[in-house]
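Colleague: Residue numbers (UniProt numbering): 1 to 133. Beta carbons: idealized from backbone N, C-alpha and C, even for Gly. This one's a predicted model, so the numbers in the text were calculated from it and none came from an experiment.
#1: Return the bridge partner residues of residue 47 from the DSSP annotation.
#2: Take residue 74 as the anchor and find which of 82, 84, 83 and 62 has the nearest alpha-carbon.
#3: With respect to the alpha helix (DSSP H) encompassing residue 12, which residues constitute its N-terminal and C-terminal limits?
#4: DSSP three-state label for residue 5, please.
#5: When DSSP labels each residue in this structure, what does residue 42 get in the three-state scheme?
#6: Going by other Cβ atoms of all chains shown within 10 Å of its Cβ, with 16 needed for buried, is residue 23 buried or exposed?
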C-alpha cells in the first residue's frame, strides 16, 4: 500500500503513461482522476498547444495574508527594501511578542519552495524576531 493518497505523474508519450497506469492499477488499485487543476494548494494550468505548465499559488498567498491580518497592506515589488539588512535581535531590543512569526514564516517557506523562491529570505530570523522583522 502507498504511504500517500495523491500523486502526480507527468509524461511526454501517452503510450508510456497508459502502460504505467495499467501497471499501477493492477498492483495497487490506483485510479486516474483525469487532468489536474489543483494540487496541495497549487493551481496548475496546462497549455498543451504551447507546451506550457503554469503553477500559481496566488490563492494560497492571499490566504496567508488573511490569516496574519495583512490583507489590507499594499503590494510590494520586492519582498524587502533594497539595502535593508536584518540582524539577529539583540538582548536589549524589544521582542516581536505575540506575533505568530514562526507560523507566518512556515507558510511563506512553503510558498517560497514551490513557486516563489524570491521570498525565501524571510526565514533568516524565524527563531527570535524583533519588531523590525
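Modeller: Taking the coordinates as given:
#1: Locating residue 47 in the chain shown gives position 47, where the first residue counts as 1. Answer by DSSP bridge pairing, in chain order: 52.
#2: Translated into the one-based positions of the chain shown, residue 74 becomes position 74. When only C-alpha atoms are compared, the closest one is 62.
#3: Walking along the chain shown from the start, residue 12 turns up at place 12. Looking at the DSSP string, residue 12 is not in any alpha helix (DSSP H), and its letter there is neither H nor E.
#4: Here residue 5 is taken as the residue at index 5 of the chain shown, counted from 1. Coil, per DSSP.
#5: Residue mapping note: residue 42 aligns to position 42 of the chain shown, counting from 1. In the structure shown, residue 42 sits in a strand (DSSP, three-state: E or B).
#6: Within the chain shown, residue 23 is the residue found at index 23, counting from 1. With fewer than 16 other Cβ atoms within 10 Å, it is exposed.
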